[in-house]
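Participant: Chains A and B are the protein sequences, given in the same order. The letter at position 140 of the first sequence is residue 140 when you use the working numbering, and the numbering goes up by one with no holes. The letter at position 205 of the second sequence is residue 1205 when you use the working numbering, and the numbering goes up by one with no holes. We put the beta carbon where it would ideally sit given N, CA and C, even for glycine.
Protein chains: 2
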Amino acid sequence: MAPLISLPASAKPVNDVPLRYGAIVYPGFQALDLFGPLDALNTLSLSYPLSLSVLAESLEPVSTKPPGTLGNQEADFGQTIVPTHTFADAPPIDVLIVPGGFGVRIPENVAAAIAYIAKVYPTLRYVVTVCTGSILVAQAGVLDGRAATTNKRSFVNMTALRSQVNWVPHARWVVDGNIWSSSGVSAGLDIIFAFMSEMYGEEVADTISDILEYERHKDAAWDPYAEKYGL
Amino acid sequence: MAPLISLPASAKPVNDVPLRYGAIVYPGFQALDLFGPLDALNTLSLSYPLSLSVLAESLEPVSTKPPGTLGNQEADFGQTIVPTHTFADAPPIDVLIVPGGFGVRIPENVAAAIAYIAKVYPTLRYVVTVCTGSILVAQAGVLDGRAATTNKRSFVNMTALRSQVNWVPHARWVVDGNIWSSSGVSAGLDIIFAFMSEMYGEEVADTISDILEYERHKDAAWDPYAEKYGL
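1. When the Cα atoms are used, what is the spatial distance from K119 (chain A) to P1008 (chain B)?
2. Is the shortest distance between the beta-carbon of G1133 (chain B) and the beta-carbons of chain A less than 8 Å?
3. Can you tell which of B:G1036, B:E1213, B:F1035, B:S1047 has the C-alpha that lies nearest to the C-alpha of P1013 (chain B)?
4. Since I believe S181 (chain A) is in contact with R172 (chain A) (beta carbons under 8 Å), could you give me their beta-carbon distance rounded to a whole number of angstroms?
5. Can a CB atom of chain B be found closer than 8 Å to the CB of A113 (chain A)?
6. By DSSP, does L1136 (chain B) sit in helix, in strand, or in coil?
7. Return the residues of the region 1076-1089 of chain B that lie within a Cβ-Cβ distance of less than 7 Å from chain A, sorted by chain order.
8. Which one of A:I114, A:G22, A:A148, A:V98 has the shortest CA to CA distance from L32 (chain A)?
9. Taking the beta carbon of N1042 (chain B) as the centre, do at least 16 other beta carbons fall within 10 Å, making it buried, or is it exposed?
10. Run through the DSSP bridge pairs and tell me what W222 (chain A) is partnered with.
11. Under 8 Å between the Cβ atoms of A148 (chain A) and A160 (chain A)?
12. Could you pull out every residue in the same chain whose Cβ sits closer than 6 Å to the Cβ of A1088 (chain B), ignoring the five residues on either side in sequence?
13. DSSP state of S1063 (chain B), grouped into three classes?
14. Who are the near neighbours of A1113 (chain B) in its chain, counting only those whose CB is closer than 6 Å to its CB and skipping five residues on each side?
15. Establish whether the CB of T150 (chain A) and some CB of chain B are separated by less than 8 Å.
16. Could you tell me the boundaries of the alpha helix (DSSP H) in which D210 (chain A) lies?
17. Can you grab the Cα-Cα spacing for the pair S1045 (chain B) / V1204 (chain B), in whole Å?
18. Taking the alpha-carbon positions, what's the S1006 (chain B) to L1050 (chain B) distance?
19. Compare the C-alpha of R1105 (chain B) against each of B:S1186, B:I1117, B:K1065 and name the closest.
20. So that I know if they touch, is there some Cβ in chain B lying closer than 8 Å to that of F102 (chain A)?
21. Would you mind stating whether E215 (chain A) and A1187 (chain B) have Cβ atoms separated by less than 8 Å?
22. Under 8 Å between C-beta atoms, does Y1214 (chain B) make it to chain A?
23. With 16 as the cutoff for other CB atoms within 10 Å, does N157 (chain A) come out buried or exposed?
24. Could you pull out every unbroken beta strand (DSSP E) segment of at least 3 residues lying fully inside the region 1111-1156 of chain B, listed in chain order?
25. For the region 22-40 of chain A, which residues have a beta carbon sitting closer than 7 Å to at least one beta carbon of chain B?
26. What does V156 (chain A) reach in chain B if we use C-beta pairs closer than 7 Å?
27. Any beta carbon from chain A within less than 8 Å of V1185 (chain B)'s own beta carbon?
28. Let me check one thing: in DSSP terms, what residues is S197 (chain A) bridge-paired to?
29. Whose C-beta lies closer than 8 Å to the C-beta of D94 (chain A) among residues of the same chain, with five residues either side of it excluded?
30. Alpha carbon to alpha carbon, what distance is there between I1208 (chain B) and Y225 (chain A)?
31. Is I1097 (chain B) helix, strand or coil when you go by DSSP?
32. Put L4 (chain A) into one of helix, strand or coil per three-state DSSP.
33. Can you give me the Cβ contacts of P61 (chain A) inside the same chain, cut-off strictly under 8 Å, excluding the 5 residues immediately before and after it?
34. Can you pull out the residues from the region 1190-1209 of chain B whose beta carbon lies closer than 7 Å to at least one beta carbon of chain A?
35. At the level of alpha carbons, what is the spacing between W1271 (chain B) and E108 (chain A)?
36. Output, in chain order, the set of chain B residues within a Cβ distance shorter than 8 Å of E74 (chain A).
As structure tokens, then:
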């Protein structure tokens, strides 16, 4: 059967690229933080033999709804995703994707995720965070002394949780060493395409973003939201 | 507890707005088609008492992976979402969201979804489609003689499945009567914000898109992908 998509000849060969992805989920993760990057990679996986592990504290399905009394108790609106592995049973991975969300605000809700990040980080090739996902990576202690960004509306409150990080208020995304961190929610699309460009080739990233009909921001300094939220 | 977000005073009152949402899923739906609109609505549900039913043929979790031999058999990359109701047991809803995806290409994979759309349409206030989701609505027979758009890369092949529709090749989204259809994948974000603006207020849509740090396209005629894909 013909492949669903064809990549340009400049696409990097399969033996040169990261193939094994993991994504963390916890109650109250932000859906687009996760599914923006993952849908770009879903599409890339039509041409590269990528694998994805969806990692959580247990194998119970995980909801986007803000946990406990954090959300609107009069609403019943969320989506539930099925993990493939627990943190304890996670297979080896090359790239860890860490979404943010309101669930980050409850320490016991994300303690297992933070512990897993601290443990697995030395074995990873790259970490990609979206929104307040960088707060979890920071709390794992692996961002101390490094530059990173996060959600702009929650910037002041959230970055106070780990002041040892060089938090960058004005950036769509920041790369420091092997940790790629992006601004809020939809910035996850821009960082994953920047990451894809670096790892698989610029024409590959353009091909996939065209398929997603997404006009991506290619300038990591583009950030109107820093000003909008008073940073 | 203080609400997680506050809407502007111009937000329309709760008794004037659609509250009950449904979203269709089937094997091989495109993740961002679904989670772009739903994450905007997740955020809106922090201020309005919205409900969401995730509807499928059965209650078995549903994967984004292209079904059968359609996808890359060397990859293992997808996400699995849990339905809340079957098509047979769906509760009353005001707005039906229909995502596209490669799964649309296999008739038996989407026959139950098409039959449900045909049955439920007369009871709905609105339908919002993303990408090739409009092809399912068209196949349900409720778009005949009306204007709609769809994914641009698949436009020629997909629109041939229902030529009785006035398919619009150059549009980010199209509204005809109570059916709102958008172009491919990330266009789902633009159409849901346009819909939100119309239903809940323009400042509400701007507030939510700012929280998602998404620079939305407000012009329904914006569509560089029509030319890119030779339409």
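Facilitator: Reading off the structure:
1. Taking the straight line joining both Cα atoms gives about 43 Å.
2. Closer than 8 Å: no.
3. Each of B:G1036, B:E1213, B:F1035, B:S1047 was checked against the Cα of P1013 (chain B), and the nearest Cα belongs to B:S1047.
4. Not really, about 10 Å apart at Cβ, beyond 8 Å.
5. So no, A113 (chain A) is outside the interface.
6. In this structure, DSSP gives L1136 (chain B) a helical state, which the three-state scheme calls helix.
7. Listed by position along the chain: D1076, F1077, G1078, Q1079, T1080, I1081, V1082.
8. Cα-wise, what sits closest to L32 (chain A) is A:V98.
9. Within a 10 Å sphere around the beta-carbon of N1042 (chain B) sit 16 or more other beta-carbons, which makes this residue buried.
10. Looking at the DSSP assignment, W222 (chain A) forms no beta bridge with any residue, so it has no partner.
11. In terms of Cβ geometry, A148 (chain A) and A160 (chain A) do not form a close pair [threshold 8 Å].
12. So the list is empty, once near-sequence residues are dropped.
13. Three-state DSSP puts S1063 (chain B) in a strand.
14. Cβ contact annotation for A1113 (chain B) (same chain, cutoff 6 Å, sequence separation greater than five): I1024, Y1026, L1136, in chain order.
15. At a cut-off of 8 Å, the C-beta of T150 (chain A) has no neighbouring C-beta in chain B.
16. Membership of D210 (chain A) in the alpha helix (DSSP H) is indicated by the continuous run 202-211.
17. S1045 (chain B) and V1204 (chain B) have their C-alpha atoms roughly 12 Å apart.
18. Each residue's Cα considered, the two are about 16 Å apart.
19. Taking the Cα of R1105 (chain B) as reference, the smallest distance to any Cα among B:S1186, B:I1117, B:K1065 is reached at B:K1065.
20. So, interface residue.
21. Taking 8 Å as the Cβ cut-off, E215 (chain A) and A1187 (chain B) do not qualify as a contacting pair.
22. For Y1214 (chain B), the answer is yes, since a Cβ of chain A falls inside 8 Å of its Cβ.
23. Counting C-beta atoms within 10 angstroms of its own C-beta, N157 (chain A) has fewer than 16 neighbours from the protein chains shown and is therefore classed as exposed.
24. If we require 3 residues or more, the beta strand (DSSP E) runs fully inside the region 1111-1156 of chain B come out as 1126-1129.
25. Within the region 22-40 of chain A, the residues whose Cβ lies closer than 7 Å to any Cβ of chain B are, in chain order, Q30, A31, L32, F35, G36, L38, D39.
26. Residues of chain B passing the Cβ test: none, with the nearest at roughly 15 Å.
27. Yes, V1185 (chain B) counts as interfacial toward chain A.
28. DSSP lists no partner for S197 (chain A).
29. For D94 (chain A), where only same-chain residues beyond five positions count, the Cβ hits under 8 Å are P18, L19, R20, Y21, L124, R125, Y126.
30. Cα atoms of Y225 (chain A) and I1208 (chain B): separation of roughly 12 Å, rounded to the nearest angstrom.
31. The three-state secondary structure of I1097 (chain B), taken from DSSP, is strand.
32. If DSSP states are grouped into helix, strand and coil, L4 (chain A) belongs with coil.
33. Correct list, in chain order: T80, I81, V82, P83.
34. Listed in sequence order: no entries.
35. Residue 1271 (chain B) lies beyond the stretch modelled for chain B, which goes from 1001 to 1231, so this question has no answer here.
36. For E74 (chain A), the residues of chain B that pass the 8 Å Cβ criterion are P1049, in the order they occur in the chain.
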